[in-house]
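Data first, discussion second: the structure below is written as C-alpha cells.
Number of protein chains: 2
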Amino acid sequence: MARKSATGRIGIADVAVKAGVSHATVSRVMNGNFTVDPDIAARVRAAAVELKYQPNPVGRSLALGKTDTIGIVVPDLANPTFQAILRGLSRAAAEDGYRVLIADSFEVSSEEAILAGEARRRCDGLVLCAPRMSDAELEEIAPSLHPLVLINRTTAAAGIPSLVVDYGQGVQDLAEHLVGLGHTRLAFLAGPAGSASNGLRLEGLEAFKARHPQVDVTMLDGGSDFDTGHGAVDSVLASGATGILAFNDLVAMGLMSGLHERGVDVPGDISVTGFDDIPFARYTTPTLTTAAVPIAELGGQAWRELRALIRKEDHDAPGGRYQPRLEIRASSGPAKAPRTATHG
Amino acid sequence: MARKSATGRIGIADVAVKAGVSHATVSRVMNGNFTVDPDIAARVRAAAVELKYQPNPVGRSLALGKTDTIGIVVPDLANPTFQAILRGLSRAAAEDGYRVLIADSFEVSSEEAILAGEARRRCDGLVLCAPRMSDAELEEIAPSLHPLVLINRTTAAAGIPSLVVDYGQGVQDLAEHLVGLGHTRLAFLAGPAGSASNGLRLEGLEAFKARHPQVDVTMLDGGSDFDTGHGAVDSVLASGATGILAFNDLVAMGLMSGLHERGVDVPGDISVTGFDDIPFARYTTPTLTTAAVPIAELGGQAWRELRALIRKEDHDAPGGRYQPRLEIRASSGPAKAPRTATHG
DNA sequence: GGCCGACGAGAAAGCGTTTTCTCATTGCCG
DNA sequence: CGGCAATGAGAAAACGCTTTCTCGTCGGCC
Chain A
1 MARKSATGRI GIADVAVKAG VSHATVSRVM NGNFTVDPDI AARVRAAAVE LKYQPNPVGR
61 SLALGKTDTI GIVVPDLANP TFQAILRGLS RAAAEDGYRV LIADSFEVSS EEAILAGEAR
121 RRCDGLVLCA PRMSDAELEE IAPSLHPLVL INRTTAAAGI PSLVVDYGQG VQDLAEHLVG
181 LGHTRLAFLA GPAGSASNGL RLEGLEAFKA RHPQVDVTML DGGSDFDTGH GAVDSVLASG
241 ATGILAFNDL VAMGLMSGLH ERGVDVPGDI SVTGFDDIPF ARYTTPTLTT AAVPIAELGG
301 QAWRELRALI RKEDHDAPGG RYQPRLEIRA SSGPAKAPRT ATHG
Chain B
1 MARKSATGRI GIADVAVKAG VSHATVSRVM NGNFTVDPDI AARVRAAAVE LKYQPNPVGR
61 SLALGKTDTI GIVVPDLANP TFQAILRGLS RAAAEDGYRV LIADSFEVSS EEAILAGEAR
121 RRCDGLVLCA PRMSDAELEE IAPSLHPLVL INRTTAAAGI PSLVVDYGQG VQDLAEHLVG
181 LGHTRLAFLA GPAGSASNGL RLEGLEAFKA RHPQVDVTML DGGSDFDTGH GAVDSVLASG
241 ATGILAFNDL VAMGLMSGLH ERGVDVPGDI SVTGFDDIPF ARYTTPTLTT AAVPIAELGG
301 QAWRELRALI RKEDHDAPGG RYQPRLEIRA SSGPAKAPRT ATHG
C-alpha cells in the first residue's frame, strides 16, 4: 500500500502523504533543519519510521553534488601492498562517513586512465595507484581527476598531493646492511620494468654503487610476485652473489622457497632481503629481513589528504614521504667465502 | 567559456548548445539511439569530443534507476579469504561493466546490518559476508537487501542464493588424512566463536568423532589470525595432540611459527593442517597441508548469481556448494609415539 | 498536385532529493 | 486595533540525465 508506483521503493513523497505534509518538509526534518514545528517533525519522523523510509542516496547525491564516496585505482588487488593501502584508506574514510569504490586495472595500464576517469566521476575524489602509467599521460589526466591523491608517483600537474615511499633509501639501507655483514657481491632482483617504485630502487642502488665501488651489484630481471622469485633461482645462483636484494617480500619469499628446494641455505649460503614488510614476512622460514613500509598508515594518510582537498581546506603539508625502516630478521647473515672458491 | 555555471563541470546542455541541438538529441546520440540524422549525430559527437564531455553518472543513475555498481560487505579486509572473494568478484563484475563498492564492517557485527543497508541503497545488488550476524537478524534484513547473494551463510528468507564452502567436509577430510597417518590424538584450534564457518567445521568434527570413537579430539579456543595460532602453542602442546587442525591457514602458519620457536619439529613431532589454501600456504616451511577452497572462483560465481538476480533471469541453479580439495603438503606426516611416553 | 504516413528532433515530464522562493499566519508593538 | 516582523510550511526550481510525447516536415503515392 505504501509502495510508490514507479520504483516500488518508498520515497520521500510517501512519507509526506502519510504525515500530511509536503515533501519539502519531510526533507527538512530528515536533514535536521530546525525551522520545523516540533509536532510536525515528530509526525514526520513517526511516518518515516513506520514506512521504514530511507532516503535514496542517488537523488541525494544529485541534489547535493556529492556522493560521499571516494575511488581507488589499483593495478592489482592480489598484491598485498595495494590490499593494505585499500584497507587503510577504507578504514580512515569510513570514520568520516565515506565509502570506497574500487577499480582494479588488472595491470593493463592502457585502461588505467579511462578507469580512473570513470571512477572519479562517480566519486568525490580519487586515490590513484598507477605505477606503470607514463608521466606524460599522468600529467595529462591529473587535472581532470582532481581531487586526486597519488601513491608512489609524483606529477608536475599542480595541486596534486603525492604520498611516496622512499624506496631508494630503503634499498640503500638494505644494501648497506648486507655489506655490513661482509657481503661484497650483491644482486638486485628487479621489479616490473617501467614500474615507478622499481625506478626509485634503481636510483637508490646507483647511489649505493657510487658509494661502494668495490661492491659488485648484479642486476637481474624480475617481477613483483611469488613466482618471479621462485623462477629466479637459476639466475641468482649463476650471478654468484651472496646477498640478494629482492624487489619485494613476495619475490623474496618465492626466492627463498626456490633456494630451499635446491638445498641452498639461507642465510648460511646466501642472504636474502625483501621490501615492504608484509604481515607474512615475520613468519617465513627463515624470517625475512626487509625494509618496513607503514603501508596501511599510508592508506589512512591518503584519505586525510583527499579529505582536505574535498573540503577545500588549506593544507599546510601536501603530500608526504615515507621512510622505510630496516627490519633485520633471520634471512640475512654474515657472508661466507664465495661459493666459486670452495675448490676445484 | 564552455563551463556550466553551477557545478563548473561540462554537462549535456553545453554539448547541446555547441552542437546547436536540444539536450535530448545529445542524449540520444550518446546512447546510440539511431533515430538521429547521421549529420547531426556527427556534429554532436564532435562537440562532445571537443568539450571532453562525459555524462554524469549520478544523473544517469537517477534517470535509469540503476548504478552499475554492486556492493560487498566484508567483516575484515585484512583477511586473505575476503580479499580473494573481493578480487574474484571485482574481476567478474568488471567484465560486465560493473564496479564494486566495499563496506568493511571491521568485525563489529552490530554495524553490519546498517552498513549493508546503506551499501545496498547505493548499488544494484549486494554480496554479503557476515559470518557473525545472527540468523534472526539476517533473515529480517535479507528481503530488504534483494538482489542479495550470501557467502558462507544461508537464510530462510526466500530467493536469496547462497554460496557456501563445505567446511564440514573439508575438516573431515583433513582429520581422516591425519588419522591415516597414524595420529590418534587430534586437536582442533577453533575459529571465532559464533562464526558460521566455524560452526560448520564443528559439525564436521562431530561427524568425524562419531565415525572414529577411538580418536581423541581436543577442542581449543582460537581465532582466525596469525597471532591466534602463534599464541596457541602452549595449549596445543598441553593437549598432547600430535595432529592439529587449525581453523585456517593463517592460524596454522602462526602455530607453525610458534612451534618452530619452541624447537618442535613439524611434521616430525606434530602435524599441522590449515584451511583455505591461501597463496602463501605453498611457501611456508614446511609447506602447509590444507583444504583448498577455490575462493576467487567463489567471488566470480557470486557475481554471476547476483547478475542473474539483477537481470531478473530465471536462474536454474541458485546458490552453490563448494567442496574443498585436500592439498597434502609437508606439514603433515606420520605420527610418532605420544610425547608423554618419551620417558620419565 | 494534394494527402497521408513516416521519420526526426524539440519540448517536457519524469527520476528522488535539497533548497530557495514565496506566501500565509501568528504575535508583538506602537 | 492595525501594521509589520518573524516564523513556518508549501510551491517550485534545481541537480543532470533519459525517455515519452508531440509536432513539424519531407517524401511517396494516387
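Sequence order for the protein chains is A and B.
So the first sequence is numbered by the UniProt record's numbering: it starts at 1 and just counts up by one.
So the second sequence is numbered by the UniProt record's numbering: it starts at 1 and just counts up by one.
Glycine is no exception: its CB is placed at the ideal position from the N, C-alpha and C atoms.
| task | Name the one or two DSSP bridge partners that alanine 187/B has. | result | Start at 1 with the first residue of the second sequence, and residue 187/B comes out as number 187. For alanine 187/B, which the question treats as bridged, DSSP gives the partners Thr218/B, Ile244/B.
| Using the C-alpha atoms, what's the distance from valine 164/A back to cysteine 129/A? | Position 129 of the first sequence, counted from the start, is the residue given in the question as residue 129/A. Position 164 of the first sequence, counted from the start, is the residue given in the question as residue 164/A. Taking the straight line joining both Cα atoms gives about 11 angstroms.
| message | For methionine 253/B, would you say it is in contact with chain A, using Cβ-to-Cβ distances shorter than 7 angstroms as the test? | response | Taking the first residue of the second sequence as position 1, residue 253/B is located at position 253. At least one chain A Cβ lies under 7 angstroms of methionine 253/B.
| Under a CB-based cut-off of 7 angstroms, is glycine 59/A close to chain B? | Reading the first sequence from its first residue, position 59 is the one you call residue 59/A. For glycine 59/A, the answer is yes, since a Cβ of chain B falls inside 7 angstroms of its Cβ.
| said: Need the endpoints of the beta strand (DSSP E) that valine 29/B sits in, please. | reply: Taking the second sequence and counting its residues from 1, the one referred to as residue 29/B is at position 29. Not the beta strand (DSSP E): valine 29/B falls in the alpha helix (DSSP H), residues 23-30.
| Residues that asparagine 56/B contacts on chain A, provided the C-beta gap is smaller than 8 angstroms | Here residue 56/B corresponds to residue number 56 of the second sequence, with the count starting at 1. Going along chain A in sequence order, the residues near asparagine 56/B (Cβ under 8 angstroms) are Arg121.
| query | Can a CB atom of chain B be found closer than 7 angstroms to the CB of tyrosine 283/A? | reply | Sequence index remark: in the first sequence, residue 283/A carries index 283 (1-based). By this cut-off, tyrosine 283/A is an interface position.
| said: Tell me which residues share the same chain as methionine 253/B and place their Cβ nearer than 6 angstroms to its Cβ, disregarding the 5 neighbours each side in the sequence. | reply: Start at 1 with the first residue of the second sequence, and residue 253/B comes out as number 253. Within the same chain, methionine 253/B has close Cβ partners Thr284.
| said: Once the 5 residues before and after leucine 200/B are set aside, which same chain residues still bring their CB inside 7 angstroms of it? | reply: Working through the second sequence from its first residue, we reach residue 200/B at position 200. So the qualifying residues of the chain are Tyr167, Gly168.
| message | Since alanine 92/A and arginine 282/A should fall inside the 8 angstroms C-beta cutoff, what is the C-beta to C-beta distance between them, to a whole number of angstroms? | response | Walking along the first sequence from the start, residue 92/A turns up at place 92. Walking along the first sequence from the start, residue 282/A turns up at place 282. 24 angstroms between Cβ atoms; not a contact.
| Members of the stretch 83-105 of chain A near chain B, C-beta cut-off 9 angstroms | Gln83, Ala84, Leu86, Arg87, Ser90, Arg91, Ala94, Arg99, Val100, Leu101, Ile102, Ala103, Asp104
| task | Kindly say whether glutamate 327/B, judged by its beta-carbon, lies nearer than 7 angstroms to any beta-carbon of chain A. | result | On the second sequence, residue 327/B is found 327 positions in, with the first residue counted as 1. No, no contact with chain A.
| Do the CB positions of proline 143/A and leucine 309/A come within less than 7 angstroms of each other? | On the first sequence, residue 143/A is found 143 positions in, with the first residue counted as 1. On the first sequence, residue 309/A is found 309 positions in, with the first residue counted as 1. No.
| Going by C-alpha distance, which of Phe247/A, Gly194/A, Asp227/A, Ile270/A is nearest alanine 238/A? | Counted from its first residue, the first sequence places residue 238/A at position 238. When each option's Cα is compared against that of alanine 238/A, the closest is Ile270/A.
| request: Measuring alpha carbon to alpha carbon, tell me which of Gly300/A, Leu259/A, Leu298/A, Ala246/A ends up nearest phenylalanine 275/A. | output: Counting from one through the first sequence, the residue named residue 275/A turns up at place 275. It is Ala246/A whose Cα lies nearest to the Cα of phenylalanine 275/A.
| task | Ignoring anything shorter than 3 residues or poking outside the stretch 263-324 of chain A, list the beta strand (DSSP E) runs there in chain order. | result | 271-273, 290-292, 320-322
| Using 8 angstroms as the threshold, is the stretch 85-101 of chain B in touch with the stretch 64-77 of chain B, meaning 3 or more CB pairs across them? | yes
| query | Is there contact between the stretch 219-234 of chain B and the stretch 251-266 of chain B, where contact requires at least three CB pairs shorter than 8 angstroms? | reply | yes
| request: Name, please, each residue of chain A whose Cβ falls closer than 9 angstroms to the Cβ of threonine 290/B. | output: Stepping through the second sequence from its first residue, residue 290/B is reached at position 290. Under the 9 angstroms cutoff, chain A gives no residues; its nearest Cβ is about 15 angstroms from threonine 290/B.
| Where does glutamate 107/A sit, in a helix, a strand or coil, going by DSSP? | Translated into the one-based positions of the first sequence, residue 107/A becomes position 107. Looking at glutamate 107/A - three-state DSSP - the assignment turns out to be coil, as it is neither helix nor strand.
| So aspartate 277/B and threonine 287/B are in contact, right, with Cβ under 8 angstroms, and what is the actual spacing, rounded? | On the second sequence, position 277 is the one that residue 277/B refers to. On the second sequence, position 287 is the one that residue 287/B refers to. That belief does not hold up - the Cβ atoms of aspartate 277/B and threonine 287/B are roughly 11 angstroms apart, past 8 angstroms.
| message | Let me check understanding here. Comparing Cα to Cα, which of Arg121/B, His177/B, Gln301/B lies closest to glutamate 95/B? | response | Counting from 1 along the second sequence, the entry for residue 95/B is found at position 95. Taking only the C-alpha atoms, the option nearest glutamate 95/B is Gln301/B.
| For the UniProt domain "HTH lacI-type" (10-64) of chain B, which residues have a CB atom closer than 7 angstroms to at least one CB atom of chain A, in sequence order? | Gln54, Asn56, Pro57, Val58, Gly59, Ser61, Leu62
| request: Specify, as a first and last residue, the run of the alpha helix (DSSP H) that leucine 181/A falls within. | output: Stepping through the first sequence from its first residue, residue 181/A is reached at position 181. Run containing leucine 181/A: none; DSSP gives neither H nor E here.
| In the stretch 130-210 of chain A, which residue ranges form an unbroken alpha helix (DSSP H) of at least 4 residues, counting only runs that do not cross its ends? | 135-145, 167-180
| task | Using a Cβ cut-off of 7 angstroms (strictly closer), state whether serine 235/B contacts chain A. | result | The residue given as residue 235/B occupies position 235 in the second sequence. It does not; no Cβ of chain A falls within 7 angstroms.
| said: Taking its Cβ as the centre, do 16 or more other Cβ atoms sit within 10 Å of aspartate 124/B, making it buried, or is it exposed? | reply: Mapped onto the second sequence, residue 124/B falls at position 124. When all chains shown are included, aspartate 124/B counts as buried.
| Three or more C-beta pairs closer than 8 angstroms, one from the stretch 52-68 of chain B and one from the stretch 43-55 of chain A: is that the case here? | no
| field | Cβ pair alanine 119/B, alanine 103/B closer than 7 angstroms | value | Reading the second sequence from its first residue, position 119 is the one you call residue 119/B. Reading the second sequence from its first residue, position 103 is the one you call residue 103/B. Contact flag set, yes.
| request: Would you kindly work out how many angstroms separate the C-alpha atoms of glutamate 313/B and glycine 11/A, rounded to a whole number? | output: In the second sequence, counting from the first residue as 1, residue 313/B sits at position 313. In the first sequence, counting from the first residue as 1, residue 11/A sits at position 11. Distance between the alpha carbons of glutamate 313/B and glycine 11/A: 27 angstroms.
| Beta carbon of glycine 229/B, beta carbon of arginine 132/B: below 7 angstroms? | Here residue 229/B refers to the residue found at position 229 when the second sequence is read from its first residue. Here residue 132/B refers to the residue found at position 132 when the second sequence is read from its first residue. No, Cβ-Cβ distance for glycine 229/B and arginine 132/B is not below 7 angstroms.
| message | My parser needs the alpha helix (DSSP H) runs of 4 or more residues fully inside the stretch 66-122 of chain A; what are they? | response | 80-95, 109-122
| query | Is valine 58/A helix, strand or coil by DSSP? | reply | The sequence position of residue 58/A within the first sequence is 58, counting from 1. Valine 58/A falls in the helix class under three-state DSSP.
| said: For leucine 33/A, count the other beta carbons within 10 Å of its own beta carbon; 16 or more makes it buried, fewer makes it exposed. Which is it? | reply: Working through the first sequence from its first residue, we reach residue 33/A at position 33. The sequence shown places asparagine at residue 33/A, not leucine. Asparagine 33/A should be labelled exposed.
| message | Quick check: what's the CA-CA separation for valine 171/A versus proline 80/A? | response | As a first step, residue 171/A is located in the first sequence; it is residue number 171 there, counting from the start. As a first step, residue 80/A is located in the first sequence; it is residue number 80 there, counting from the start. Their Cα atoms are separated by approximately 19 angstroms.
| task | Assign proline 38/A to one of two classes, buried (16 or more other C-beta atoms within 10 Å of its C-beta) or exposed (fewer than that). | result | Locating residue 38/A in the first sequence gives position 38, counting from the first residue. Label assigned to proline 38/A: exposed.
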